[in-house]
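As numbered in our numbering, residues 303 to 554 make up the sequence shown, in order.
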Amino acid sequence: MKLAFTASARPEAQDALRRLRHIYGDMGEANADVVVALGGDGHMLETLRRRLADKRPVYGMHRGTIGFLMNDYHEVDLIERVAGAQQVRVRPLVARCATANGTIVEERAFNEVSLIRQTAQSAKLRILIDGAERMAELSCDGIIVATPAGSTAYNFSAYGPILPIDSRLLALTPISAFRPRRWRGALLPYNAKVRIEVLESERRGVSAAADNRETRDVTAVDVHEDTEASLTLLFDPGHALDERILSEQFNV
(Lines of atoms letter the chains of each structure in order from A and count residues from 1; the text may use other names and numbers.)
(Lines give C-alpha, C1' and ligand atoms only; values in the text may rest on other atoms or scores of the structure.)
Protein backbone atom coordinates (compact mmCIF):
# COMPACT_ATOMS: atom_id res chain seq x y z
CA MET A 1 0.00 0.00 0.00
CA LYS A 2 1.34 3.40 -0.99
CA LEU A 3 0.90 6.13 1.63
CA ALA A 4 1.22 9.89 1.53
CA PHE A 5 1.37 12.05 4.64
CA THR A 6 0.10 15.53 5.31
CA ALA A 7 0.23 17.46 8.60
CA SER A 8 -0.99 20.64 10.22
CA ALA A 9 1.47 23.31 11.33
CA ARG A 10 1.31 22.25 15.00
CA PRO A 11 4.71 21.10 16.34
CA GLU A 12 3.44 17.67 17.37
CA ALA A 13 1.94 17.11 13.90
CA GLN A 14 5.13 18.19 12.17
CA ASP A 15 7.20 15.90 14.42
CA ALA A 16 4.88 12.98 13.60
CA LEU A 17 5.20 13.81 9.90
CA ARG A 18 8.98 13.54 10.01
CA ARG A 19 8.91 10.29 12.00
CA LEU A 20 6.32 8.55 9.83
CA ARG A 21 7.99 9.56 6.58
CA HIS A 22 11.23 8.11 7.92
CA ILE A 23 9.52 4.81 8.80
CA TYR A 24 7.15 4.37 5.86
CA GLY A 25 8.36 6.74 3.16
CA ASP A 26 6.02 9.08 1.30
CA MET A 27 4.73 8.45 -2.21
CA GLY A 28 3.22 11.93 -2.54
CA GLU A 29 -0.50 12.67 -2.68
CA ALA A 30 -0.65 12.27 -6.46
CA ASN A 31 0.62 8.64 -6.31
CA ALA A 32 -0.75 7.37 -3.01
CA ASP A 33 -3.45 4.79 -2.38
CA VAL A 34 -4.34 6.49 0.94
CA VAL A 35 -3.56 9.92 2.36
CA VAL A 36 -2.71 9.97 6.08
CA ALA A 37 -3.65 13.27 7.75
CA LEU A 38 -1.88 14.27 10.97
CA GLY A 39 -3.43 16.98 13.13
CA GLY A 40 -6.88 17.88 14.39
CA ASP A 41 -10.30 18.12 12.83
CA GLY A 42 -9.45 21.42 11.15
CA HIS A 43 -6.60 19.82 9.24
CA MET A 44 -8.81 16.86 8.35
CA LEU A 45 -11.39 19.20 6.82
CA GLU A 46 -8.69 20.88 4.73
CA THR A 47 -7.38 17.47 3.65
CA LEU A 48 -10.86 16.35 2.60
CA ARG A 49 -11.32 19.55 0.62
CA ARG A 50 -8.15 18.73 -1.35
CA ARG A 51 -9.44 15.21 -1.98
CA LEU A 52 -12.43 16.51 -3.91
CA ALA A 53 -10.18 16.51 -6.98
CA ASP A 54 -8.86 12.93 -6.73
CA LYS A 55 -11.29 11.10 -4.33
CA ARG A 56 -8.43 9.32 -2.48
CA PRO A 57 -9.36 7.79 0.91
CA VAL A 58 -8.14 9.62 4.01
CA TYR A 59 -6.96 8.06 7.27
CA GLY A 60 -6.46 10.59 10.05
CA MET A 61 -4.37 10.38 13.21
CA HIS A 62 -4.85 12.80 16.08
CA ARG A 63 -1.99 15.25 16.49
CA GLY A 64 -4.02 18.41 17.17
CA THR A 65 -6.64 19.95 19.44
CA ILE A 66 -9.92 18.20 18.62
CA GLY A 67 -9.79 14.81 16.96
CA PHE A 68 -13.36 13.62 16.49
CA LEU A 69 -12.62 12.78 12.85
CA MET A 70 -9.25 11.22 13.65
CA ASN A 71 -7.91 7.87 14.83
CA ASP A 72 -5.55 7.50 17.78
CA TYR A 73 -1.91 8.16 17.01
CA HIS A 74 0.35 5.09 16.87
CA GLU A 75 3.44 4.66 14.72
CA VAL A 76 3.61 0.86 14.58
CA ASP A 77 1.78 -1.34 12.05
CA LEU A 78 0.33 1.65 10.23
CA ILE A 79 -0.07 -0.12 6.90
CA GLU A 80 -1.93 -2.98 8.58
CA ARG A 81 -4.18 -0.52 10.41
CA VAL A 82 -5.03 1.34 7.23
CA ALA A 83 -5.67 -1.91 5.34
CA GLY A 84 -8.08 -3.12 8.04
CA ALA A 85 -9.86 0.20 8.55
CA GLN A 86 -13.62 0.62 8.19
CA GLN A 87 -14.89 2.95 5.48
CA VAL A 88 -17.28 5.83 6.04
CA ARG A 89 -18.64 7.85 3.13
CA VAL A 90 -19.07 11.59 3.62
CA ARG A 91 -20.58 14.17 1.27
CA PRO A 92 -19.97 17.90 1.44
CA LEU A 93 -22.42 20.74 1.37
CA VAL A 94 -22.16 23.39 -1.31
CA ALA A 95 -22.59 26.96 -0.03
CA ARG A 96 -23.20 29.59 -2.69
CA CYS A 97 -22.86 32.97 -1.01
CA ALA A 98 -24.07 36.25 -2.51
CA THR A 99 -22.30 39.26 -0.99
CA ALA A 100 -23.17 42.93 -0.58
CA ASN A 101 -20.63 43.96 -3.25
CA GLY A 102 -22.28 41.71 -5.83
CA THR A 103 -19.75 38.86 -5.88
CA ILE A 104 -20.66 35.18 -5.60
CA VAL A 105 -18.45 32.89 -3.49
CA GLU A 106 -18.88 29.11 -3.61
CA GLU A 107 -17.35 26.85 -0.94
CA ARG A 108 -17.64 23.22 0.23
CA ALA A 109 -18.26 22.16 3.83
CA PHE A 110 -18.03 18.65 5.30
CA ASN A 111 -19.25 19.65 8.79
CA GLU A 112 -21.54 22.64 8.48
CA VAL A 113 -22.43 25.90 6.81
CA SER A 114 -23.11 28.58 9.41
CA LEU A 115 -24.35 32.16 9.20
CA ILE A 116 -23.29 34.44 12.07
CA ARG A 117 -24.11 38.06 12.90
CA GLN A 118 -21.18 40.46 12.42
CA THR A 119 -22.43 43.29 14.64
CA ALA A 120 -23.92 43.85 18.08
CA GLN A 121 -27.38 43.70 16.51
CA SER A 122 -29.12 40.40 15.99
CA ALA A 123 -29.31 38.94 12.51
CA LYS A 124 -32.67 38.82 10.76
CA LEU A 125 -33.00 35.90 8.38
CA ARG A 126 -35.61 34.57 5.97
CA ILE A 127 -35.61 30.78 5.44
CA LEU A 128 -36.77 29.02 2.28
CA ILE A 129 -36.72 25.26 1.70
CA ASP A 130 -37.02 24.00 -1.88
CA GLY A 131 -38.23 27.42 -2.95
CA ALA A 132 -41.02 27.67 -0.37
CA GLU A 133 -40.84 30.19 2.46
CA ARG A 134 -40.79 28.36 5.80
CA MET A 135 -39.95 31.27 8.09
CA ALA A 136 -40.50 34.89 7.10
CA GLU A 137 -38.21 36.31 9.78
CA LEU A 138 -35.87 34.69 12.31
CA SER A 139 -34.16 37.04 14.74
CA CYS A 140 -31.05 35.29 16.07
CA ASP A 141 -27.28 35.20 16.41
CA GLY A 142 -27.12 32.89 13.42
CA ILE A 143 -28.11 29.54 11.93
CA ILE A 144 -26.37 26.27 11.03
CA VAL A 145 -26.92 23.73 8.27
CA ALA A 146 -25.08 20.59 9.43
CA THR A 147 -24.25 17.24 7.84
CA PRO A 148 -24.42 13.99 9.84
CA ALA A 149 -20.60 14.04 10.11
CA GLY A 150 -20.73 17.59 11.47
CA SER A 151 -23.80 17.21 13.66
CA THR A 152 -21.69 16.54 16.77
CA ALA A 153 -19.58 19.67 16.28
CA TYR A 154 -20.84 23.28 16.33
CA ASN A 155 -24.39 22.06 15.63
CA PHE A 156 -24.48 20.00 18.84
CA SER A 157 -23.04 22.90 20.87
CA ALA A 158 -25.97 24.99 19.59
CA TYR A 159 -28.37 22.29 20.90
CA GLY A 160 -28.95 20.81 17.47
CA PRO A 161 -29.66 17.08 17.00
CA ILE A 162 -26.99 14.45 16.53
CA LEU A 163 -27.58 12.62 13.25
CA PRO A 164 -26.53 9.01 12.55
CA ILE A 165 -23.82 9.01 9.91
CA ASP A 166 -25.96 7.08 7.41
CA SER A 167 -29.20 8.97 8.09
CA ARG A 168 -29.15 11.06 4.85
CA LEU A 169 -30.51 14.05 6.76
CA LEU A 170 -29.44 17.63 7.34
CA ALA A 171 -29.88 19.55 10.59
CA LEU A 172 -31.08 23.16 10.43
CA THR A 173 -30.26 24.67 13.83
CA PRO A 174 -30.69 28.28 15.04
CA ILE A 175 -28.06 29.96 17.20
CA SER A 176 -29.63 31.84 20.13
CA ALA A 177 -33.02 32.32 18.48
CA PHE A 178 -34.74 35.44 19.87
CA ARG A 179 -37.89 35.54 17.72
CA PRO A 180 -39.50 33.05 17.47
CA ARG A 181 -37.91 32.25 20.82
CA ARG A 182 -39.02 28.62 21.06
CA TRP A 183 -38.00 27.50 17.57
CA ARG A 184 -35.37 24.78 17.87
CA GLY A 185 -34.73 24.08 14.20
CA ALA A 186 -35.69 21.35 11.75
CA LEU A 187 -34.56 18.07 10.23
CA LEU A 188 -34.39 18.16 6.45
CA PRO A 189 -33.93 15.45 3.80
CA TYR A 190 -30.41 15.32 2.38
CA ASN A 191 -31.58 16.62 -1.01
CA ALA A 192 -33.29 19.74 0.38
CA LYS A 193 -32.35 23.07 -1.16
CA VAL A 194 -31.91 25.59 1.65
CA ARG A 195 -31.88 29.32 0.98
CA ILE A 196 -31.20 31.82 3.77
CA GLU A 197 -31.71 35.49 2.98
CA VAL A 198 -30.32 38.25 5.18
CA LEU A 199 -32.89 40.91 5.99
CA GLU A 200 -31.69 44.49 6.64
CA SER A 201 -28.22 43.38 5.59
CA GLU A 202 -26.96 46.94 5.24
CA ARG A 203 -27.09 47.48 9.02
CA ARG A 204 -27.26 43.92 10.34
CA GLY A 205 -24.18 42.39 8.78
CA VAL A 206 -23.88 38.60 8.54
CA SER A 207 -20.95 36.35 7.62
CA ALA A 208 -21.12 32.79 6.27
CA ALA A 209 -18.64 30.04 7.09
CA ALA A 210 -18.25 26.77 5.19
CA ASP A 211 -16.40 24.79 7.86
CA ASN A 212 -13.39 27.08 8.43
CA ARG A 213 -13.70 29.29 5.33
CA GLU A 214 -15.50 32.57 5.94
CA THR A 215 -17.26 34.97 3.56
CA ARG A 216 -18.16 38.37 5.00
CA ASP A 217 -21.19 40.59 4.37
CA VAL A 218 -23.44 38.01 2.73
CA THR A 219 -26.93 38.90 1.56
CA ALA A 220 -28.11 35.35 0.76
CA VAL A 221 -26.69 31.83 1.01
CA ASP A 222 -27.92 28.79 -0.92
CA VAL A 223 -26.98 25.41 0.56
CA HIS A 224 -27.38 21.89 -0.82
CA GLU A 225 -25.57 18.56 -0.60
CA ASP A 226 -23.06 17.79 -3.34
CA THR A 227 -24.26 14.28 -4.17
CA GLU A 228 -21.48 13.79 -6.76
CA ALA A 229 -18.61 14.38 -4.32
CA SER A 230 -18.69 11.40 -1.97
CA LEU A 231 -15.36 10.81 -0.18
CA THR A 232 -14.04 7.97 1.98
CA LEU A 233 -12.83 8.36 5.57
CA LEU A 234 -11.04 5.42 7.20
CA PHE A 235 -11.39 4.48 10.88
CA ASP A 236 -9.91 1.77 13.07
CA PRO A 237 -12.43 -0.99 13.94
CA GLY A 238 -14.45 0.02 17.01
CA HIS A 239 -13.67 3.70 16.50
CA ALA A 240 -15.68 4.37 13.34
CA LEU A 241 -17.64 7.58 13.02
CA ASP A 242 -21.02 5.90 13.48
CA GLU A 243 -19.89 4.50 16.86
CA ARG A 244 -18.49 7.87 17.94
CA ILE A 245 -21.70 9.64 17.00
CA LEU A 246 -23.76 7.10 18.95
CA SER A 247 -21.46 7.34 21.99
CA GLU A 248 -21.56 11.14 21.95
CA GLN A 249 -25.29 11.04 22.68
CA PHE A 250 -24.63 9.33 26.02
CA ASN A 251 -21.80 11.61 27.20
CA VAL A 252 -22.99 13.76 30.07
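Even glycine gets a Cβ: it sits at the ideal position worked out from N, Cα and C.
Buried versus exposed call for residue i [16 or more other C-beta atoms within 10 Å across all chains shown]
i    : result
R483 : exposed
I381 : exposed
L417 : buried
M303 : exposed
I429 : buried
A455 : buried
6 Å CB neighbourhood of residue i in its chain, flanking five on each side removed
i    : result
E408 : R398
S453 : I464, L465 and A473
S509 : I418, Q420, E516 and R518
Given residue i as reference, the closest of the options once Cα atoms are compared
i    : options                   : result
H376 : V338, K426, I406 and T401 : V338
L354 : I547, M437 and V392       : V392
V520 : D343, R358, R419 and R312 : R419
G503 : A425, A306, G330 and A332 : For the sequence presented, residue 503 should be read as Ser rather than Gly. Cα-wise, what sits closest to S503 is A425.
S310 : L543, R365 and V336       : R365
A531 : A411, R486, T405 and K495 : A411
P491 : I431, D443 and A522       : I431
L322 : D379, I445 and G404       : D379
D343 : V336, G507 and Y361       : Y361
L427 : G327, H541, R506 and G341 : R506
P539 : M329, Q389, L319 and Q316 : Q389
8 Å contact criterion, which residue i and residue j should meet: CB distance rounded
i    : j    : result
T534 : P313 : No, T534 and P313 are not in contact; Cβ-Cβ is about 29 Å, not under 8 Å.
E414 : N457 : 6 Å
L395 : V447 : 6 Å
A522 : V500 : 7 Å
N373 : F537 : 6 Å
H445 : I498 : A small correction: the amino acid at residue 445 is Ile; His does not occupy that position in the sequence shown. Yes, they are in contact, since the Cβ atoms of I445 and I498 sit about 6 Å apart, within 8 Å.
D524 : I477 : Contact doesn't hold; Cβ gap of about 19 Å is too wide.
T349 : T308 : 6 Å
A479 : L543 : That pair is no contact at about 29 Å.
Beta-carbon proximity list for residue i, same chain, < 7 Å, skipping 5 on both sides
i    : result
A334 : K304, L305, A306 and R358
L347 : F412, N413, D513 and N514
T529 : R393
Neighbourhood of residue i by C-beta distance below 8 Å, restricted to the same chain and skipping five residues each side
i    : result
D356 : E331 and A332
E435 : R428 and I429
Q551 : I464
Review point. Which ranges does the alpha helix (DSSP H) cover as unbroken runs of at least 4 residues, wholly within the region 470-543, from first to last along the chain?
Key: Taken in chain order, the complete alpha helix (DSSP H) segments of 4 or more residues contained in the region 470-543 number zero; there are none.
Practice item. Tell me the start and end of each unbroken beta strand (DSSP E) in the region 389-461 that is at least 3 residues and wholly inside, in chain order. Key: If we require 3 residues or more, the beta strand (DSSP E) runs fully inside the region 389-461 come out as 395-401, 406-411, 414-419, 425-431, 434-442 and 444-448.
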